[in-house]
Amino acid sequence: MTVTATWDEPAGATPRGTLVVLPGRGETDASYHRFGRRLSADAYKVRLVDVDLDDLTATRERVEKVLADESLPSPKVLVGADTGATLAATLVGEVPADAAVLAGLTLPGSAVADSWEEQVEARTACPVHRAVLDGDLRLDREARDQPLPWTSVELTAPDKPVLVVHGSADRITAAAEATAPYVDAPGARVWLVEGGRHDILNDVSHRSVAATVVLFLESLKLGAELPPVLVPVSAPAGATR
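In structure tokens form, the structure reads like this:
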């Protein structure tokens, strides 16, 4: 199976682009219903791709198949979480995607929790997402204990727009390590979520993160240079507020 879940724009709306979501270790579509519904409500088609970390070649072929689907509108953007973010980071410069959103990168050496309770604690403080994780019978709880498919990853900013969103309190991958390759890259937009944990798409600030993703997508619609959609207005010299 290439696509495991789909979310489409509201009836009558003109789709504005396509998000190809690469989930993290052991995750199912249950962890992405909230994100998929929210982004599709803004008229972006969302496609969750089956990721097999034991067969990255087959996974890449699935991603390329979705990107090649002419029925899906551009821009086409990879959205990855956890190892899906790492995969998106390594693929975006090699496949016909227009951009990438990297949420909660996981790298060799990232921390591993000792128990399920500790894993959930490290992943999110959002009670709704915690309930989703605890209640998802298809979720592989031991997947995050397994070795990553990469013994080393050298991340570099691609010649394409990238949005990096990472939690400042991420105990799985330190924020400084995750964001370092992108902070000075001209085509990258890097945001730290204050107090955010690892599952940053589903943490307590999920609304602000989703809004940041939408602003990035709307800017991308204006051009690969990411021209701003909103600009601040400065008060005239001498004016008071």
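Numbering of the sequence shown is given in UniProt numbering, commencing with residue 1 and proceeding in unit increments.
C-beta: ideal position from N, C-alpha, C; glycine also.
Since the model is a prediction, treat every value here as computed from it, not as a measurement.
Subject >> For Arg144, three-class secondary structure by DSSP >> reply: In the structure shown, Arg144 sits in a helix (DSSP, three-state: H, G or I).
**OP:** Report the three-state DSSP secondary structure of Asp82 (helix, strand or coil).
**Re:** It is a strand residue.
**OP:** Count the other C-beta atoms from every protein chain shown that fall within 10 angstroms of the C-beta of Thr6, then say buried if there are 16 or more, exposed otherwise.
**Re:** With fewer than 16 other Cβ atoms within 10 Å, it is exposed.
Original post:
Of the residues Gly109, Asp140 and Pro158, which one's Cα is nearest the Cα of Asp184?
Top reply: For Asp184, the closest C-alpha among the options Gly109, Asp140 and Pro158 is that of Pro158.
Subject >> Span of the alpha helix (DSSP H), counted from its first residue to its last, around Trp116 >> reply: For Trp116, the enclosing alpha helix (DSSP H) starts and ends at Trp116 to Arg123.
**OP:** Would you check if the distance between the CB atom of Leu53 and the CB atom of Arg25 is smaller than 8 Å?
**Re:** Contact: yes.
Subject >> Beta-carbon contacts of Ala89 that lie in its chain and below 6 Å, excluding the five residues immediately before and after >> reply: If we look at Ala89 and ignore the five residues flanking it on each side, its Cβ neighbours are Leu102 and Leu155.
**OP:** Go through the region 40-75 residue by residue and report every complete run of the beta strand (DSSP E) that reaches 3 residues or more, in order.
**Re:** Listed in chain order, the complete beta strand (DSSP E) runs (minimum 3 residues) inside the region 40-75 are 44-49.
**OP:** Please work out which residues of its chain come closer than 7 Å, Cβ to Cβ, to Ser40, disregarding the five sequence neighbours upstream and downstream, and give them in chain order.
**Re:** Excluding five sequence positions before and after Ser40, the CB atoms of its chain that fall closer than 7 Å to its own CB belong to Trp7, Asp8, Glu9 and Val46, given in chain order.
Original post:
Helix, strand or coil for Thr4 per DSSP?
Top reply: Judged by DSSP in its simplified three-state form, Thr4 adopts strand.
Subject >> 7 Å Cβ shell around Pro161 - same chain, five flanking residues per side excluded >> reply: Within the same chain, Cβ atoms closer than 7 Å to the Cβ of Pro161 are found at Ala99, Gly187, Leu220, Ala224 and Leu226, the five residues on either side in sequence being excluded.
**OP:** Could you name the residues of the same chain whose beta carbon sits closer than 6 Å to that of Thr106, not counting the 5 residues immediately before and after it, in chain order?
**Re:** Counting only residues of its own chain and dropping the five nearest sequence neighbours on each side, Thr106 has a CB closer than 6 Å to the CB of Asp82, Thr83, Thr86 and Thr173.
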